[in-house]
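Here's the structure, in structure tokens; my notes come after.
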Amino acid sequence: MSTRCDEELHEALSRLLRDYPILWRPHGGPIVGQYKELAEKVSNELQRQVSAEKVKNTLRKTRYRLQRLDRQGTSNRTKSCAYLWYAEELGYVRAVEVLSTLIETEKFRGFEKEDTLKARKDFAEKMGEEMKAVRNQEDNDGPSTSVGAAPAQKQRRREASPEAVSIKQEPDAGPLTTAEGEEPFYEL
Numbered sequence: 001m002s003t004r005c006d007e008e009l010h011e012a013l014s015r016l017l018r019d020y021p022i023l024w025r026p027h028g029g030p031i032v033g034q035y036k037e038l039a040e041k042v043s044n045e046l047q048r049q050v051s052a053e054k055v056k057n058t059l060r061k062t063r064y065r066l067q068r069l070d071r072q073g074t075s076n077r078t079k080s081c082a083y084l085w086y087a088e089e090l091g092y093v094r095a096v097e098v099l100s101t102l103i104e105t106e107k108f109r110g111f112e113k114e115d116t117l118k119a120r121k122d123f124a125e126k127m128g129e130e131m132k133a134v135r136n137q138e139d140n141d142g143p144s145t146s147v148g149a150a151p152a153q154k155q156r157r158r159e160a161s162p163e164a165v166s167i168k169q170e171p172d173a174g175p176l177t178t179a180e181g182e183e184p185f186y187e188l
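Residue numbers (full-length UniProt numbering): 1 to 188.
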């Protein structure tokens with residue numbers, strides 16, 4: 001739940017922060033009352049209380065995260081994706097590239113996840129239907145007390161007998177003889 005709330009906070013804060021360039025530009029000017037005003041707008045949008053201190057700390061951490069992302073060039077965190085525009089405004093070129101790649105990857109993952117879930121559901125339904133059909137066949141093939149079961153079983157046995165498949169059985173011709181040029185084997 002807290003992750004979802006954090007994502008909602010970051011999305012709302014990112015969207016509303018654009019109206020407060022004094023807060024997001026380094027040394028943008030006097031900021032008296034700006035954090036409180038922004039916190040009230042975020043609180044109204046999220047329908048829960050968000051303090052001015054929370055907004056201030058979140059922006060400070062976001063700015064630091066974007067600076068670090070610009071220096072290192074790698075990240076697996078998606079919290080920063082809402083602030084792509086902010087990284088562009090601050091001139092963090094590397095951070096913009098990484099965030100753009102993360103956003104594209106997340107879109108692809110989201111599509112793949114939905115597609116995979118739908119495919120799994122379809123597969124499970126299909127397998128369930130096939131298993132029902134197999135169970136029904138097995139139920140109809142087993143021993144039964146009905147009058148028609150005994151003749152059907154006799155018919156299956158006849159079909160499996162050697163006469164049914166035309167296997168010619170020759171009578172026993174006696175003991176085998178030795179091949180030419182070989183001496184017979186005698187036990188002593």
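For glycine and all other residues, C-beta sits at the position ideal for the given N, C-alpha and C.
For residue 43, three-class secondary structure by DSSP:
For residue 43, the secondary structure class from DSSP, reduced to helix, strand or coil, is helix.
Indicate whether the contact test is met: 3 or more Cβ pairs, each with one atom in the region 82-98 and one in the region 14-24, closer than 8 Å.
Verdict: yes, contact present.
Where residue 18 sits in the DSSP three-state scheme
Here residue 18 sits in coil by DSSP.
Which of helix, strand or coil does DSSP assign to residue 101?
DSSP, reduced to helix, strand and coil, places residue 101 within a helical segment of the structure shown.
Count the other C-beta atoms from every protein chain shown that fall within 10 angstroms of the C-beta of residue 93, then say buried if there are 16 or more, exposed otherwise.
Answer is exposed; the Cβ neighbour count stays below 16.
What first and last residue would you give for the alpha helix (DSSP H) that runs through residue 58?
Segment 52-72, the alpha helix (DSSP H) holding residue 58.
Classify residue 112 as helix, strand or coil using the three-state DSSP reduction.
With a pLDDT of 49 at residue 112, under the threshold of 50, the modelled position of this residue cannot be trusted; read the value that follows with caution. The DSSP-derived three-state label of residue 112 is helix.
How should residue 58 be labelled, buried or exposed, when 16 other C-beta atoms within 10 angstroms of its C-beta is the threshold for buried?
Classification for residue 58: buried.
Measure the alpha-carbon distance for residue 10 versus residue 51 and round it to whole angstroms.
So the alpha carbons of these two residues sit roughly 14 Å apart.
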